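The structure under discussion appears below in the form of structure tokens.
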Amino acid sequence: LVLVFASFLVGATAYAQSTPESQKADAVQMRIERARALAAAHQLESAVNELESIRTTTHDDVVRNVTSVMLMSICLEEGNYARAGALLEETFSARSTQKDASIRTYFALAGQAVNGARSHIARYRSFGINVTDAGLPAEALGDLDRLRVLLERLIAQAKEIARDEPRAYESFALLEDVLGIRLSLARNDEDRTRWEAEYAGARRGLASSETQVASLGGMPNLTSTENEPPATPASVASGQSSSVRQNPAPPKVSKPEPSSETPPSVPSNDRTAKEPAAPPSGPPNGAKSNEPPLLDTGSLNARALKRVLPSYPQMAKAAAAQGRVRVYVTLDETGRVIDISRSEGPGLLKAAAENAARRWVFSATEVDGKSVRVVGYIDFNFTL
Numbered sequence: 021l022v023l024v025f026a027s028f029l030v031g032a033t034a035y036a037q038s039t040p041e042s043q044k045a046d047a048v049q050m051r052i053e054r055a056r057a058l059a060a061a062h063q064l065e066s067a068v069n070e071l072e073s074i075r076t077t078t079h080d081d082v083v084r085n086v087t088s089v090m091l092m093s094i095c096l097e098e099g100n101y102a103r104a105g106a107l108l109e110e111t112f113s114a115r116s117t118q119k120d121a122s123i124r125t126y127f128a129l130a131g132q133a134v135n136g137a138r139s140h141i142a143r144y145r146s147f148g149i150n151v152t153d154a155g156l157p158a159e160a161l162g163d164l165d166r167l168r169v170l171l172e173r174l175i176a177q178a179k180e181i182a183r184d185e186p187r188a189y190e191s192f193a194l195l196e197d198v199l200g201i202r203l204s205l206a207r208n209d210e211d212r213t214r215w216e217a218e219y220a221g222a223r224r225g226l227a228s229s230e231t232q233v234a235s236l237g238g239m240p241n242l243t244s245t246e247n248e249p250p251a252t253p254a255s256v257a258s259g260q261s262s263s264v265r266q267n268p269a270p271p272k273v274s275k276p277e278p279s280s281e282t283p284p285s286v287p288s289n290d291r292t293a294k295e296p297a298a299p300p301s302g303p304p305n306g307a308k309s310n311e312p313p314l315l316d317t318g319s320l321n322a323r324a325l326k327r328v329l330p331s332y333p334q335m336a337k338a339a340a341a342q343g344r345v346r347v348y349v350t351l352d353e354t355g356r357v358i359d360i361s362r363s364e365g366p367g368l369l370k371a372a373a374e375n376a377a378r379r380w381v382f383s384a385t386e387v388d389g390k391s392v393r394v395v396g397y398i399d400f401n402f403t404l
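Quick note, in our numbering, the sequence shown goes up one by one and the last residue is 404.
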């Protein structure tokens, strides 16, 4: 709930500053704080009632947006997919009249829905349950089917927004995330084949959208924060962290090659891995393991073959939030990000940094002639 809390602080502060009725603003802020505390205490129904009451009585768009994001998080935690879908539909339908403001709110809600879906699936797995098992109890099957319906509605919405060229990158990025989750919930081989094709198509669309996607050769010079030497190719900038500025001069971009690889049955952005740890000395009882070794390399910035610049969140700009976000990732043997274990830095900037980090690509790492998995971190510097 760190991101939700940070969003709440921004929204509540903006609301208090935008109305002369400071007592009224303070009352609303206290009610949002109460709803947040109720959610933290897992009094979800009471938290929902409080937030719904605030939404129906306020005329301030910022307050409505903040409470909507909080509601989305709670609804997915309690499995209320109908209400979660209604929140998305409300904001999605309003985009024709409210335009940019509504689209930004929609992407915030959709991002919260993606995070909630991942957490929901991770909960099943934490109990050792295979979410693709057709033999699960009816209650679990019904819950997962409702989650599939919500994800498919998100997919349809992202495709529609993708027709609007200025939002092509954001919609394809959202589409890739949601399709990856939907693929992990495939009911059978036929269903899996369908969503694998959709996923591959979204990745091609993302690769063809040059906005904010730059190869290393097109990256601006960066300020070094580490002592590691830069990796090949030689044209890589010597800095270690990626900088994001408000309204930066557009960098020279190179169109990445579309990926034709088949995605894994479990998407790369599923957050179920534990904290990166030093590789074990070997499997117990001398048994041979088919798992490639795990190598901790620290900073990964200089080793990237492709970087994706994060968008600067609108709410973070409004709050003048800036600073470094460090995203801890795991790479597979080919150098692609398969997991994000955690991130550190300003709460309003974490989601943007994590979304960008998932799309970085690195050179493969070999030890004694064998490909290995790698854990490390990517630094993003956000400045206004």
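Beta carbons: idealized from backbone N, C-alpha and C, even for Gly. Note that this is a predicted model, so its numbers are computed, not measured.
Going by beta carbon distance, what residues of the same chain come within less than 6 Å of residue 195, once the five residues before and after it are set aside? Locating residue 195 in the sequence shown gives position 175, where the first residue counts as 1. 178, 222.
By alpha-carbon positions, which one of 149, 95, 373, 86 ends up nearest to residue 126? Residue mapping note: residue 126 aligns to position 106 of the sequence shown, counting from 1. The residue with the shortest Cα to Cα distance from residue 126 is 86.
In angstroms, rounded to a whole number, what distance separates the CA positions of residue 83 and residue 399? Sequence index remark: in the sequence shown, residue 83 carries index 63 (1-based). Sequence index remark: in the sequence shown, residue 399 carries index 379 (1-based). Each residue's Cα considered, the two are about 32 Å apart.
So the candidates are 364, 336, 176; which of them puts its Cα closest to the Cα of residue 403? Reading the sequence shown from its first residue, position 383 is the one you call residue 403. Nearest of 364, 336, 176 to residue 403, Cα basis: 336.
Buried versus exposed call for residue 197 [16 or more other C-beta atoms within 10 Å across all chains shown]: By one-based count along the sequence shown, residue 197 stands at place 177. The residue in question, residue 197, is buried, as its Cβ has 16 or more Cβ neighbours within 10 Å.
Nearest CA to the CA of residue 374: which residue from 358, 383, 388? Along the sequence shown, one-based indexing puts residue 374 at 354. Distance from the Cα of residue 374 is smallest, within the candidate group 358, 383, 388, for 358.
Close Cβ partners of residue 202 (< 6 Å) along its chain, the five nearest in sequence each way excluded: Taking the first residue of the sequence shown as position 1, residue 202 is located at position 182. So the list reads 171, 215, once near-sequence residues are dropped.
Residue 389: buried (16+ other C-beta within 10 angstroms of its C-beta) or exposed? As a first step, residue 389 is located in the sequence shown; it is residue number 369 there, counting from the start. Exposed, by the Cβ-count rule.
If you measure between the beta carbons of residue 92 and residue 102, is that distance less than 8 Å? Position 72 of the sequence shown holds residue 92. Position 82 of the sequence shown holds residue 102. Not a contact, by the Cβ cut-off of 8 Å.
Give, in chain order, every unbroken run of the beta strand (DSSP E) that is at least 3 residues long and sits entirely within the stretch 119–144. none
Could you tell me the distance, in whole angstroms, from the CA atom of residue 334 to the CA atom of residue 326? Residue numbering aside, residue 334 sits at position 314 when the sequence shown is read from its first letter. Residue numbering aside, residue 326 sits at position 306 when the sequence shown is read from its first letter. About 25 Å.
Taking all protein chains shown into account, do 16 or more other C-beta atoms lie within 10 angstroms of the C-beta of residue 132, making it buried, or fewer, making it exposed? Within the sequence shown, residue 132 is the residue found at index 112, counting from 1. Buried, because 16 or more other Cβ atoms sit within 10 Å of the Cβ of residue 132.
Rounded straight-line distance, which links the Cα of residue 192 to that of residue 321: Translated into the one-based positions of the sequence shown, residue 321 becomes position 301. Translated into the one-based positions of the sequence shown, residue 192 becomes position 172. Spanning the two alpha carbons is a distance of roughly 24 Å.
Could you tell me whether the stretch 377–391 touches the stretch 350–369, where touching means 3 or more Cβ pairs closer than 8 Å? yes
Buried or exposed for residue 115, please, with buried defined as at least 16 other CB atoms from any protein chain shown within 10 angstroms of its CB. The sequence position of residue 115 within the sequence shown is 95, counting from 1. Within 10 angstroms of the beta-carbon of residue 115 lie 16 or more other beta-carbons, which makes it buried.
State yes or no: is the C-beta of residue 360 within less than 8 Å of the C-beta of residue 347? Taking the sequence shown and counting its residues from 1, one reaches residue 360 at position 340. Taking the sequence shown and counting its residues from 1, one reaches residue 347 at position 327. Judged by beta-carbon spacing, residue 347 lies within the 8 Å limit of residue 360, meaning their Cβ atoms are closer than that value.
In whole angstroms, what separates the C-alpha of residue 318 from that of residue 51? One-based indexing of the sequence shown puts residue 318 at position 298. One-based indexing of the sequence shown puts residue 51 at position 31. Each residue's alpha carbon lies about 43 Å from the other.
So residue 147 is in the alpha helix (DSSP H); what residue range does that whole segment cover? In the sequence shown, residue 147 corresponds to position 127, counting from 1. First-last for residue 147: undefined, no H or E at that position.
For the beta strand (DSSP E) that contains residue 364, what are its first and last residues? Along the sequence shown, read from residue 1 onward, the residue named residue 364 stands at position 344. Counting along the chain, the beta strand (DSSP E) containing residue 364 begins and ends at 357–364.
Contacts around residue 397, its chain only, beta-carbon distance under 8 Å, and the 5 residues preceding and following it disregarded: One-based indexing of the sequence shown puts residue 397 at position 377. Around residue 397: 318, 319, 320, 346, 347, 348, 349.
Hey, how far is the Cα of residue 301 from the Cα of residue 387? Within the sequence shown, numbered from 1, the residue matching residue 301 stands at position 281. Within the sequence shown, numbered from 1, the residue matching residue 387 stands at position 367. With a pLDDT of 39 at residue 301, under the threshold of 50, the modelled position of this residue cannot be trusted; read the value that follows with caution. Their Cα atoms are separated by approximately 15 Å.
Checking 8 Å against the spacing of the C-beta atoms, do residue 152 and residue 206 come in under that value? For this step, residue 152 is matched to residue 132 along the sequence shown. For this step, residue 206 is matched to residue 186 along the sequence shown. In contact: residue 152 and residue 206 (Cβ atoms closer than 8 Å).
Run through DSSP, which three-state label would residue 152 get? To locate residue 152, count along the sequence shown from 1; it is residue 132. DSSP places residue 152 in coil when its eight states are reduced to three.
Residue environment, residue 190, which counts as buried when at least 16 other CB atoms sit within 10 Å: Here residue 190 is taken as the residue at index 170 of the sequence shown, counted from 1. Residue 190 should be labelled buried.
Span separating the alpha-carbon of residue 384 from that of residue 210: Residue 384 sits at position 364 when you count from the first residue of the sequence shown. Residue 210 sits at position 190 when you count from the first residue of the sequence shown. Approximately 32 Å, taken between the alpha carbons.
Start-to-end residues for the beta strand (DSSP E) that takes in residue 391: Looking up residue 391 in the sequence shown gives position 371. Run containing residue 391: 390–403, per the beta strand (DSSP E) assignment.
From this set, 43, 364, 377, which residue's C-alpha is nearest residue 330's C-alpha? Looking up residue 330 in the sequence shown gives position 310. The shortest C-alpha separation from residue 330 is found at 377.
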